[in-house]
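Going by the numbering used here, the first residue of the sequence shown is number 8, and it counts up by one from there.
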Amino acid sequence: MFREWTQRVGSAVPRGFSRYYILQQLNAEPHTGKEIIDSAVEASSGEWKPSPGLIYPLLGRLLDEGLIEESKNGKYQITDDGKRILTEMKNWKMNMQDQMKTLKTMMDLGKFMGMDVLERITILGNLLSSNVEKMTERETTKYKKFLESELKKVNDIMKNEAKKSK
8 MFREWTQRVG SAVPRGFSRY YILQQLNAEP HTGKEIIDSA VEASSGEWKP SPGLIYPLLG
68 RLLDEGLIEE SKNGKYQITD DGKRILTEMK NWKMNMQDQM KTLKTMMDLG KFMGMDVLER
128 ITILGNLLSS NVEKMTERET TKYKKFLESE LKKVNDIMKN EAKKSK
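Structure, rendered in structure tokens:
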């Protein structure tokens, strides 16, 4: 799917990423336009080579917006406003990652969570059963409650999956 999307838009990076990448690079240290292009090629192992026709107009817009400034030696550096925007972009990125993680968890949860819980119970059960005679009554009771709790979770997951498949 991602490959199809990149073929449609003709780029190895999503729209808007170049702006973020430039601000991120300039936040680390001042760069020329060529240094930004070279670092993108290196960081992507050659998968993304932004053209000067992309980078220089974008640098011009970032200058106009006051997010970067150009020094006398021809290097661009990020401004305080640019740092603020970069922080907002990073926060947005983290929120998106959290949302994607939640969606992935929800999609994988049902079938695979039940299998994972069963596997962990089996491993723990094998480990503890070999030492059960050494356990105190309190530890044995705690172990039994844990197993009953995990079994209930597995049953609940299986019931929910059965309802979804109807």
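Beta carbons are placed, not taken as given, at the ideal position from N, Cα and C, and that holds for glycine.
Because the structure is a prediction, the values reported are computed rather than measured.
What number of angstroms, rounded off, separates the C-alpha of residue i from the C-alpha of residue j?
{"i": "M165", "j": "K171", "result": "10 Å"}
{"i": "K97", "j": "G40", "result": "22 Å"}
{"i": "E157", "j": "T147", "result": "15 Å"}
{"i": "L66", "j": "N102", "result": "27 Å"}
{"i": "F24", "j": "K100", "result": "11 Å"}
{"i": "A50", "j": "P57", "result": "12 Å"}
{"i": "K160", "j": "T94", "result": "40 Å"}
{"i": "L33", "j": "Y83", "result": "7 Å"}
{"i": "K59", "j": "P37", "result": "The question names Lys, but residue 59 is Pro in the sequence shown. In a straight line, the C-alpha of P59 is about 17 Å away from that of P37."}
Looking only at its chain, what residues have a beta carbon closer than 6 Å to the beta carbon of residue i, apart from the 5 residues adjacent to it on each side?
{"i": "G81", "result": "T39"}
{"i": "E77", "result": "Y83"}
Please check the pair residue i and residue j, which I expect to be a contact at CB under 8 Å, by giving their CB distance rounded to whole angstroms.
{"i": "L69", "j": "I29", "result": "7 Å"}
{"i": "I44", "j": "I62", "result": "6 Å"}
If you count every other CB in all the chains shown that lies within 10 Å of the CB of residue i, and 16 or more means buried, which is it?
{"i": "G89", "result": "buried"}
{"i": "N167", "result": "exposed"}
Among the residues of its own chain, which have a CB less than 8 Å from the CB of residue i, if the five just before and after it don't count?
{"i": "L74", "result": "L30, I85, T86, D88, G89, I92"}
Please return the same chain residues whose Cβ sits closer than 7 Å to the Cβ of residue i, not counting the five positions on each side in sequence.
{"i": "Y27", "result": "M96"}
{"i": "E144", "result": "none"}
Threshold first: 4 residues or longer. Then list the alpha helix (DSSP H) segments lying entirely within the stretch 59 to 113, N to C.
59 to 71
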